[in-house]
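Add 27 to a position in the sequence shown, counting from 1, and you land on the number used in the working numbering.
Every residue, glycine too, gets a C-beta built ideally from N, C-alpha and C.
Keep in mind that this is a model prediction, so the values were computed, not measured.
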Amino acid sequence: MTTALHVSRPAWLSPRVARTEMLAGLVVALALIPEAISFSIIAGVDPRVGLFASFTMAVTIAFTGGRPAMISAATGAVALVVAPLVASHGLQYLIAAVLLGGVFQVLLGLLGVARVMRFVPRSVMVGFVNALAILIFTAQLPQLTGVPWGVYPLAAAGLAIIFGLPRLTAAVPAPLVAIIVLTIVTVTAGIAVPTVGDQGDLPGSLPTLGLPDVPVGLDTLRVIAPYALAIALVGLMESLMTAKLVDELTDTTSSKTRESVGQGIANLVTGFFGGMGGCAMIGQTMINVRSGARTRLSTFLAGVFLLILVVVLSPVVAVIPMAALVAVMVFVSIATFDWHSLRTVRRMPRSETAVMLATVAGVLATSNLAIGVAVGVLVACVLFARRVAHLVTVTPTDEADGSRRYLVRGALFFASTNDMVGEFDYAGDPDRVVVDLSGAHVWDASSVAVLDAIEHKYATRGKTVEITGLTDVSGHYHRRLAGRLGGGA
28 MTTALHVSRP
38 AWLSPRVART
48 EMLAGLVVAL
58 ALIPEAISFS
68 IIAGVDPRVG
78 LFASFTMAVT
88 IAFTGGRPAM
98 ISAATGAVAL
108 VVAPLVASHG
118 LQYLIAAVLL
128 GGVFQVLLGL
138 LGVARVMRFV
148 PRSVMVGFVN
158 ALAILIFTAQ
168 LPQLTGVPWG
178 VYPLAAAGLA
188 IIFGLPRLTA
198 AVPAPLVAII
208 VLTIVTVTAG
218 IAVPTVGDQG
228 DLPGSLPTLG
238 LPDVPVGLDT
248 LRVIAPYALA
258 IALVGLMESL
268 MTAKLVDELT
278 DTTSSKTRES
288 VGQGIANLVT
298 GFFGGMGGCA
308 MIGQTMINVR
318 SGARTRLSTF
328 LAGVFLLILV
338 VVLSPVVAVI
348 PMAALVAVMV
358 FVSIATFDWH
368 SLRTVRRMPR
378 SETAVMLATV
388 AGVLATSNLA
398 IGVAVGVLVA
408 CVLFARRVAH
418 LVTVTPTDEA
428 DGSRRYLVRG
438 ALFFASTNDM
448 VGEFDYAGDP
458 DRVVVDLSGA
468 HVWDASSVAV
478 LDAIEHKYAT
488 RGKTVEITGL
498 TDVSGHYHRR
508 LAGRLGGGA
């Protein structure tokens, strides 16, 4: 008797699904061109560096990523991180930083950083998004100062098209229409304004494999390591946030660990091909998912279509006015900003607002998204500890046998136990005191040290203390550490 082996066919082999995936990939590729070029300008590199990065990131993550239909490419977050490195040391150091950042991401993924992301509070996430939007907007200001007057009406017209066209039709991406219209106007009317071609050479051939031309040594490592770590952390944060959003929109699950490792592999491939690195793109992923894409095919085709478009049409891309890309990036910044966070600021707890503002301030002060997030998480931890510290209560009751029982409730840790010593009447209590911890939990050595101090204060007065109600974990801490921490000194 034989048993038939059933092998499920990939969903994209269905003609209907394949057609949807192809169209979604094409739309994403068209929308990627202006953003990849704009992010290249922000990073201070030639447009082809961002375009090649978008191609290699999309194609690689289609195979290595953990979230089907999610788009990864050159992003504003990574561009903002690496811009100071490019300004001070040049492109080759950027490529080295991207490669090292990819290694960090692979290691962090294998160490389970995806599980740690759940400890990043929502208020930090909101601050991260809002700070990113502000940085993208301010990065456009150099393109609007000291330029011919024609730039301003062109940028205004671009914004009008981007915001107005979706009211009429959603068949084509509004940013793409704005770029096409403004390019035709400037070329036919002969308007002299800065163009993409003025920013650097566009690709005329396929990307080539190579290694960065930098000295191998500790001096180079000291230069690129901080930027590489920032690339890794910012890229993983934005990618995991985007993956979670797609999970919710599609009512499916994804492997966050695989996504973390996949992002690292994609950045390694991108670095070897001379790209600027990247991560998941919230905007382009939304375009892909809203277009009906659900498989890896759309991600792969987005990269392939992008390469074909920019290699074949590079002479056309070179005449695109920078004003059009400024309009696109201003739109991206407006769309990225979480305006709902401003509307609900009065209803949110002050601590949540403080965490969001601390994150934004940290990013704007350092121009580093990773540092801003670290500041936000630190502030959130301090405020949470401060809030929880006030939840510990000590209630005294007199027992029938003449002793006094103190019932302690709450989580006992370094922040909550500081004031607990003063809750006991050492001089007025009877000779026998019971400290009942059945409603409490001992979390750290600081709590054991406080209990030691309480026992010592009673002992100096010739009184005995019995500690009861310890849970298994609390009892383990107490047995290991009691009397060994100097609490009675």
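**Request:** Just tell me which of R321, A114, A307, G154 has its CA closest to the CA of R43.
**Result:** R321
**Prompt:** Hey, G237 and G305 are a contact pair by Cβ (cut 8 angstroms); roughly how many whole angstroms apart?
**Reply:** G237 to G305, Cβ: 18 angstroms. No contact.
**Message:** Does T371 come out as helix, strand or coil in the three-state DSSP assignment?
**Reply:** coil
**Asked** Could you check where the alpha helix (DSSP H) with E379 kicks off and where it finishes?
**Response** 377-393
**Item:** D425 (DSSP reduced to helix, strand or coil)
**Value:** strand
**Request:** Within the same chain, show all residues whose beta-carbon is closer than 7 angstroms to that of F441, passing over the 5 residues directly before and after it, in chain order.
**Result:** D471, S473
**Asked** What is the C-beta distance between A270 and A293, in whole angstroms, given that I count them as a contact (C-beta under 8 angstroms)?
**Response** With a Cβ gap of about 14 angstroms, A270 and A293 do not count as contacting.
**Message:** By the three-class DSSP mapping on this structure, what secondary structure does H116 have?
**Reply:** helix
**Message:** Which of the three DSSP states is assigned to S465 in this structure?
**Reply:** strand
**Asked** D499: buried (16+ other C-beta within 10 angstroms of its C-beta) or exposed?
**Response** exposed
**Message:** Using the Cβ count rule (16 or more neighbours within 10 Å means buried), how would you classify N445?
**Reply:** exposed
**Message:** My output table needs one value for V492: the three-state DSSP class, helix, strand or coil.
**Reply:** strand
**Prompt:** Could you give the C-beta distance for G262 and V406, rounded to a whole number, given that I count them as a contact under 8 angstroms?
**Reply:** That pair is no contact at about 23 angstroms.
**Item:** Residue range of the beta strand (DSSP E) that includes Y433
**Value:** 431-439
**Item:** Burial state of T215 (16 or more Cβ within 10 Å)
**Value:** exposed
**Message:** With H, G and I counted as helix, E and B as strand and the rest as coil, what does DSSP make of R459?
**Reply:** strand
**Cβ shell of A345 (< 7 angstroms), same chain only, five flanking positions each side left out** = T222, V223, G224, L229
**Prompt:** Alpha carbon to alpha carbon, how far is S281 from G92?
**Reply:** 9 angstroms
**Prompt:** Would L272 count as contacting chain D if we go by Cβ distances under 9 angstroms?
**Reply:** Annotation note: the requested chain D is absent from the structure, which comprises a single protein chain.
**Message:** Just verifying my parser: in three-state terms, what is the DSSP assignment at P13?
**Reply:** In the structure as shown, the chain begins at 28 and stops at 516. Residue 13 is therefore absent and cannot be evaluated.
**Pairwise C-alpha distance: V355 and F538** = Because residue 538 is not part of the residues shown, which for the chain are 28 to 516, the question remains open.
**Item:** Opening and closing residue of the alpha helix (DSSP H) in which A166 lies
**Value:** First-last for A166: undefined, no H or E at that position.
**Asked** Going by the CB atoms, is the gap between T363 and V316 shorter than 9 angstroms?
**Response** no
**Request:** Consult DSSP for A100 and reduce its assignment to one of helix, strand or coil.
**Result:** strand
**Asked** DSSP on P348, reduced to helix/strand/coil?
**Response** strand
**Request:** Please confirm whether A160 and L121 have their CB atoms less than 9 angstroms apart.
**Result:** no
**Asked** So, L352 versus P169, is the Cβ gap smaller than 9 angstroms?
**Response** no
**Request:** Give the DSSP bridge partners of C306, in chain order.
**Result:** A100
**Request:** Have a look at L328, T495, G117 and flag the residue whose alpha-carbon is nearest the alpha-carbon of A463.
**Result:** Residue identity differs from the one stated: residue 463 is Asp in this sequence, not Ala. If we check each option's Cα against that of D463, T495 comes out closest.
**Message:** Along the chain, where does the alpha helix (DSSP H) containing I218 start, and where does it finish?
**Reply:** Premise fails: I218 is in no alpha helix (DSSP H) and is neither H nor E.
**Request:** Identify, in the order they occur along the chain, each residue of the same chain with its Cβ nearer than 7 angstroms to the Cβ of V241, setting aside the five sequence neighbours on each side.
**Result:** Q119, Y120, A123, T247
**Prompt:** Is the CB-CB distance between V372 and V151 below 9 angstroms?
**Reply:** no
**Request:** Would you mind listing the alpha helix (DSSP H) stretches within the segment 284-342 that are 4+ residues and don't spill past its ends, in chain order?
**Result:** 309-317, 323-339
**Asked** If you draw a straight line from the alpha carbon of N157 to that of G437, how long is it in whole angstroms?
**Response** 36 angstroms
**Item:** Exposure label - V178; buried when at least 16 CB within 10 Å
**Value:** buried
**Message:** Going by DSSP in three states, T420 sits in which element: helix, strand or coil?
**Reply:** strand
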